[in-house]
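Q: If you're matching them up, the sequences are chains A and B in order. Read the first sequence against full-length UniProt numbering and you will find it ends at 316, with the numbers running on by one and no gaps. Read the second sequence against full-length UniProt numbering and you will find it ends at 433, with the numbers running on by one and no gaps. Below is one structure. I have some questions about it.
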Amino acid sequence: MATITTERPRTSPEQAAHARRQRVRRQRLAPILYIGPAFVAIALIIGYPVFNAIGTSFLNASLLAPGQDTFAGFDNFTGLFRDPAFWVVMGRTLVWAGAALIVQVGLGLVIANTLNKKLFARGAIRTTLIVPWVVPTVLVALIWRFLLDPVSGPINEVLRGTGLWENPPVWLADTRFVLGVLVLISAWKWTPFTAVILLAGMQQIPPEQHEAAMMDGANAWQRFRNVTVPGIRTSLALVTLTTISGAINNFNGIWLFTRGGPVGATEILTTMAYRTAFTEFDFGKAAAISVIIFVMMMAVAVVYFYVVEGRKGDKR
Amino acid sequence: MSTSSPRLSRRQLLAIGGGVASGLTLAACGTGSGGGGDDPTGGGSGSGGGGTLELWANAAIAGDSDSGLQRAVLAWGEANGVTVNVQGIPTQDLVPKLTTTSSGGSGPDVAIVDVSSVPQLAAAQVLADVTDQASSVTGDFGDELLASSSYEGSLFGLPYTTNNVGLYYNRELLDGAGIAVPTTWDELRDAAIELTGGDQYGYMMGAQGQGAFLFWPWLWQNGGTILSDDLTTATFADELGQEAFAFYAGLAVGDKVAPPEFVGSNASWDQYVAPFVQGRCAMMAIGPWGTAPIVEGNPDLDWAVAPLPGGAEQASILGGATISVGHNSGQSDLAWELVNWLTASDQMPYIQDTGNIPGRRDVIDSDWASEDPDRLVFVEQMEVSRARPALPVWGDIEWGVMANMWDAVIQGQQAPADALAAAAEETNQKLSS
């Protein structure tokens, strides 16, 4: 832009201002260029399918009649909202997520608090503890299917052998127990993650705070309640978010055990979406369920940002 | 966004199904049919074409590298200079995977699928219409088998194997109790009750869609039908159907002759056969695929196969596999060569070795069919075996509506008669939508 003239005595004020503007513009442009490629990649990988799914949710789209899609408006959504079965599944999804939250975060807190103390072989215990988390879900399913096998599984064998339960149930096929059993299996896999995050949070708390509390005569529970918990508030919010969203999305944790059965006793939104897509081949309706899941996730994320990020801002 | 590119949108939906089915079986969509499709070599001419064909089958048929199918395609591939990649996919994932990849414009060149899913896969444009290519060989196969490879008057593959369900029984347990092999419903029930006691049970039953699948022979034996002739109305809950279902469900919930863990035997035949293989269950109804787990799991077991005990008439259920060309195959001529070769007379030993019964007339009429008494049972039952309705929505009826209905019954949540009537209503809704 700056036309260079032959005689160029001193920089005029206008020229200086111009150069400054250019420098500022370049500084503003640089970050956009840096994140540009990543942004485009993410937009393609995440954004495109999301918008396509949203588009499909407004179609009558069946794989049994390829190429014959028609516009359905909100029919897929209203059809779901009017279906009592959908609300049962929605309710179960919330129970499933709530139970995961209580068990995984509750146990995670206990474990992290225990490991945060001076303890015999603490390193070894910590390492062992993390093992379930790195076990692939398929393997988790195999392990637990074996353990829970109604006839030859060790769990029922122990129950029978000790006389605690003469005729122990078929855990994964008994509608009274199956959802609870799956909650516990998922917790077995995911609690280590929760515990590690919370433990990291606890180790950020300066020991002086605990010492000071002790000087003031606070007992263990009071220290936990008034020093530890406030100190790990950010970690706690993080694991709450990841646990809720992880549970809502935990398809394999159910599908590999029960496929949503028996008689829908473990059906949550994700298994319902899969079944709708691949048993009924109704992709419009399946996409609508996916969009509903997506909206729920967004809600969780928004709450997270308000609670955690917002509070951080206040303090500064 | 809307109707402009429905195909892509479906495939991408799978990605967001990321919300849904993250990391499940959908990942491996690519079929990667290599180049060289412009050189359809004549079968057995050995003219060396190069190129790659993708063949998908359920895991049982695909087997290991030394399975009949794998050895067969290797032989054909070497003779024709073609690489054939055989992919074994778990049975319950095969139809979803075929359907979704095909909707995305890809999919295998050759597929071997269960006969009951042929109408669905034909309607979903997964399988190619091979009526014209096959016209010269259709005479080699029985009419009933060709019908079960067809949809709306067109042929969508050739019969690869055929089977039906018979009664496997533990000879030691029956002889020990002085019980003759049952031939009627009442005899079966009496024997099952007699053989139940302690840790031992008389008769195995399935859960979910298996429970529905195994019910159809009972329905037919009682003179009932699944749907009306024009396939628009459910008839399985009429008087005959209710009678058959009361008897069938009574074995499970009334007489309790099945091992209690059967309620958890979901979708996997391994779980279904386990009590029989372990010698804890005296009888079970299953097709020839029940043999391999017994031979491998408990070679000492003394067992045999008998025809299904009959009711008012004899009936069994027709199963088996169809082999066909993929609708989206870029090398459909070459793929057809392979299909045609695999179902030709010379290649039958590859199938016979697996214990399956090939779909060809010349094999079914041969000495091989009658030299083994267990095999002969299945061959003779072909006469009375019936196919399930040829409808694209059939999978949803059998594994959706009927599976849920049956589970509600065996979980004790619903009385058999109410459950069956409700399932008929639900089926009518599926048929009319």
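Glycine residues also receive a C-beta, built at the ideal position from the N, C-alpha and C atoms.
Please state the DSSP three-state secondary structure of Met283 (chain B).
A: As a working mapping, residue 283 (chain B) is identified with position 283 in the second sequence. If DSSP states are grouped into helix, strand and coil, Met283 (chain B) belongs with the strands.
Q: May I ask which residues mark the beginning and end of the beta strand (DSSP E) holding Pro159 (chain B)?
A: Counting from 1 along the second sequence, the entry for residue 159 (chain B) is found at position 159. Counting along the chain, the beta strand (DSSP E) containing Pro159 (chain B) begins and ends at Leu158 to Asn163.
Q: Hey, residue 435 (chain B) and Trp406 (chain B) are a contact pair by Cβ (cut 8 Å); roughly how many whole angstroms apart?
A: One cannot answer for residue 435 (chain B) here, as it falls past the ends of chain B, which runs 1 to 433.
Q: So, is the C-beta of Gly163 (chain A) closer than 8 Å to a C-beta in chain B?
A: Numbered from 1 along the first sequence, position 163 holds the residue referred to as residue 163 (chain A). For Gly163 (chain A), the answer is no, since every Cβ of chain B falls outside 8 Å of its Cβ.
Q: Could you tell me whether the Cβ atoms of Val409 (chain B) and Ala249 (chain B) are closer together than 8 Å?
A: For the purposes of this step, residue 409 (chain B) is identified with residue 409 of the second sequence, where counting begins at 1. For the purposes of this step, residue 249 (chain B) is identified with residue 249 of the second sequence, where counting begins at 1. The answer is yes: Cβ separation under 8 Å.
Q: Please give the ranges of any beta strand (DSSP E) in the region 305 to 359 of chain B, keeping only runs that are unbroken, at least 3 residues long and fully inside the region.
A: Here the runs fully enclosed are 319 to 325.
Q: According to DSSP, Ile112 (chain B) sits in a beta bridge with which residue or residues?
A: On the second sequence, residue 112 (chain B) is found 112 positions in, with the first residue counted as 1. Note: Ile112 (chain B) sits in a beta bridge opposite B:Ile323.
Q: May I have the straight-line CA-CA distance separating Asp216 (chain A) from Val227 (chain A), to the nearest angstrom?
A: As a working mapping, residue 216 (chain A) is identified with position 216 in the first sequence. As a working mapping, residue 227 (chain A) is identified with position 227 in the first sequence. Cα to Cα, the separation comes out at about 12 Å.
Q: State the DSSP-derived secondary structure class of Glu54 (chain B), mapped to helix, strand or coil.
A: For this step, residue 54 (chain B) is matched to residue 54 along the second sequence. Of the three classes helix, strand and coil, the one that applies to Glu54 (chain B) here is strand, per DSSP.
Q: Relative to the C-alpha of Thr127 (chain A), which residue among A:Leu199, A:Val151, A:Leu142 and A:Ala61 is closest?
A: Position 127 of the first sequence holds residue 127 (chain A). That would be A:Leu199, whose Cα lies nearest to the Cα of Thr127 (chain A).
Q: Could you name the residues of the region 83 to 116 of chain B whose beta carbon sits closer than 7 Å to any beta carbon of chain A, in the order they occur along the chain?
A: Listed by position, the residues of the region 83 to 116 of chain B near chain A (Cβ gap below 7 Å) are Pro96, Thr99 and Ser103.
Q: Should residue 317 (chain A) be flagged as near chain B, meaning a C-beta pair shorter than 8 Å?
A: The displayed coordinates of chain A run from 1 to 316. Any statement about residue 317 (chain A) would go beyond what the structure contains.
Q: Quick check on Trp399 (chain B) - is its C-beta less than 8 Å from some C-beta in chain A?
A: Counting from 1 along the second sequence, the entry for residue 399 (chain B) is found at position 399. With 8 Å as the cut-off, Trp399 (chain B) counts as an interface residue toward chain A.
Q: At 4 residues or longer, what runs of the alpha helix (DSSP H) sit wholly inside the region 220 to 289 of chain B?
A: Runs of the alpha helix (DSSP H) inside the region 220 to 289 of chain B: 239 to 249 and 269 to 277.
Q: Using a Cβ-Cβ distance under 8 Å, would Thr254 (chain B) count as near chain A?
A: Stepping through the second sequence from its first residue, residue 254 (chain B) is reached at position 254. What sits at residue 254 (chain B) in the sequence shown is Gly, not Thr. So no, Gly254 (chain B) is outside the interface.
Q: Could you name the residues of chain B that Ala288 (chain A) contacts, counting a contact when the two beta carbons are closer than 8 Å?
A: Within the first sequence, the letter at position 288 stands for residue 288 (chain A). What Ala288 (chain A) touches in chain B: nothing, since even the nearest Cβ is about 11 Å away.
Q: Determine the burial state of Lys117 (chain A): buried for a count of at least 16 other Cβ atoms within 10 Å of its Cβ, exposed for fewer.
A: Numbered from its first residue, the first sequence carries residue 117 (chain A) at position 117. Label assigned to Lys117 (chain A): exposed.
Q: Measure the alpha-carbon distance for Trp218 (chain B) versus Ala173 (chain A) and round it to whole angstroms.
A: For the purposes of this step, residue 218 (chain B) is taken as residue 218 along the second sequence, with counting starting at 1. For the purposes of this step, residue 173 (chain A) is taken as residue 173 along the first sequence, with counting starting at 1. Computed Cα separation, rounded: 25 Å.
Q: Check each candidate in A:Arg259, A:Ala195, A:Ala212 and A:Asn156 and name the one with the smallest Cα separation from Ile232 (chain A).
A: Along the first sequence, one-based indexing puts residue 232 (chain A) at 232. Ile232 (chain A) has its Cα closest to that of A:Ala195, out of A:Arg259, A:Ala195, A:Ala212 and A:Asn156.
Q: Identify each residue in the region 46 to 72 of chain B for which the Cβ-Cβ distance to at least one residue of chain A is less than 9 Å, and report them in chain order.
A: Listed in sequence order: no entries.
Q: Could you compute how far the alpha carbon of Leu139 (chain A) sits from the alpha carbon of Trp255 (chain A)?
A: Reading the first sequence from its first residue, position 139 is the one you call residue 139 (chain A). Reading the first sequence from its first residue, position 255 is the one you call residue 255 (chain A). In a straight line, the C-alpha of Leu139 (chain A) is about 13 Å away from that of Trp255 (chain A).
Q: Comparing C-alpha positions only, which one of B:Leu74, B:Gly88, B:Leu53 and B:Trp76 sits nearest to Ile61 (chain B)?
A: Residue mapping note: residue 61 (chain B) aligns to position 61 of the second sequence, counting from 1. Ile61 (chain B) has its Cα closest to that of B:Gly88, out of B:Leu74, B:Gly88, B:Leu53 and B:Trp76.
Q: Go through its chain and collect everything with a Cβ distance to Asn170 (chain B)'s Cβ below 6 Å, but skip five positions before and after it.
A: On the second sequence, residue 170 (chain B) is found 170 positions in, with the first residue counted as 1. Once the five neighbours on either side are set aside, the close Cβ partners of Asn170 (chain B) are Ala282 and Trp303.
Q: What residue range does the beta strand (DSSP E) around Ile89 (chain B) cover?
A: Taking the first residue of the second sequence as 1, we reach residue 89 (chain B) at position 89. That run of the beta strand (DSSP E) goes Thr83 to Ile89.
Q: Indicate whether at least one CB of chain A lies closer than 8 Å to the CB of Gly30 (chain B).
A: Taking the first residue of the second sequence as 1, we reach residue 30 (chain B) at position 30. Low local confidence applies: a pLDDT of 32 at Gly30 (chain B) is under 50, so the model's placement there is unreliable, with the coordinate-based value given in what follows. Cβ-Cβ to chain A under 8 Å: no for Gly30 (chain B).
Q: List the residues of chain A that Asp407 (chain B) touches, going by C-beta distances under 8 Å, in chain order.
A: As a first step, residue 407 (chain B) must be located in the second sequence, where it is residue number 407. Those are Gly261, Pro262 and Val263, listed as they occur along chain A.
Q: From which residue to which residue does the beta strand (DSSP E) around Leu167 (chain B) run?
A: In the second sequence, counting from the first residue as 1, residue 167 (chain B) sits at position 167. Taken as a continuous stretch (DSSP letters only), the beta strand (DSSP E) holding Leu167 (chain B) covers Gly166 to Asn170.
Q: Within this structure, are the beta carbons of Met402 (chain B) and Ala387 (chain B) separated by less than 8 Å?
A: Locating residue 402 (chain B) in the second sequence gives position 402, counting from the first residue. Locating residue 387 (chain B) in the second sequence gives position 387, counting from the first residue. For Met402 (chain B) and Ala387 (chain B), no; Cβs fall outside 8 Å.
Q: Are any of the Cβ atoms in chain B nearer than 8 Å to that of Thr279 (chain A)?
A: Locating residue 279 (chain A) in the first sequence gives position 279, where the first residue counts as 1. For Thr279 (chain A), the answer is yes, since a Cβ of chain B falls inside 8 Å of its Cβ.
Q: For Leu227 (chain B) and Phe141 (chain B), what's the separation of their Cα atoms in angstroms?
A: Working through the second sequence from its first residue, we reach residue 227 (chain B) at position 227. Working through the second sequence from its first residue, we reach residue 141 (chain B) at position 141. So the two alpha carbons sit approximately 26 Å from each other.
Q: Tell me, which residues are paired with Asn52 (chain A) by DSSP?
A: In the first sequence, residue 52 (chain A) corresponds to position 52, counting from 1. Bridge partners of Asn52 (chain A): none, in fact.
Q: Closest to Trp188 (chain A) by CA distance: which of A:Ala100, A:Val178 and A:Glu211 is it?
A: Start at 1 with the first residue of the first sequence, and residue 188 (chain A) comes out as number 188. Among A:Ala100, A:Val178 and A:Glu211, the Cα nearest to that of Trp188 (chain A) is on A:Ala100.
Q: Hey, how far is the Cα of Ser116 (chain B) from the Cα of Ser148 (chain B)?
A: To locate residue 116 (chain B), count along the second sequence from 1; it is residue 116. To locate residue 148 (chain B), count along the second sequence from 1; it is residue 148. Those two C-alpha atoms are separated by around 7 Å.
Q: How big is the Cα-Cα spacing for Val300 (chain A) and Asn328 (chain B)?
A: Mapped onto the first sequence, residue 300 (chain A) falls at position 300. Mapped onto the second sequence, residue 328 (chain B) falls at position 328. Distance between the alpha carbons of Val300 (chain A) and Asn328 (chain B): 42 Å.
Q: Using a Cβ-Cβ distance under 8 Å, would Leu63 (chain A) count as near chain B?
A: As a working note, residue 63 (chain A) is residue 63 in the first sequence. Answer yes: the Cβ-Cβ gap between Leu63 (chain A) and chain B drops below 8 Å somewhere.
Q: Which stretch, first to last residue, makes up the beta strand (DSSP E) that contains Tyr201 (chain B)?
A: Within the second sequence, numbered from 1, the residue matching residue 201 (chain B) stands at position 201. That run of the beta strand (DSSP E) goes Tyr201 to Tyr203.
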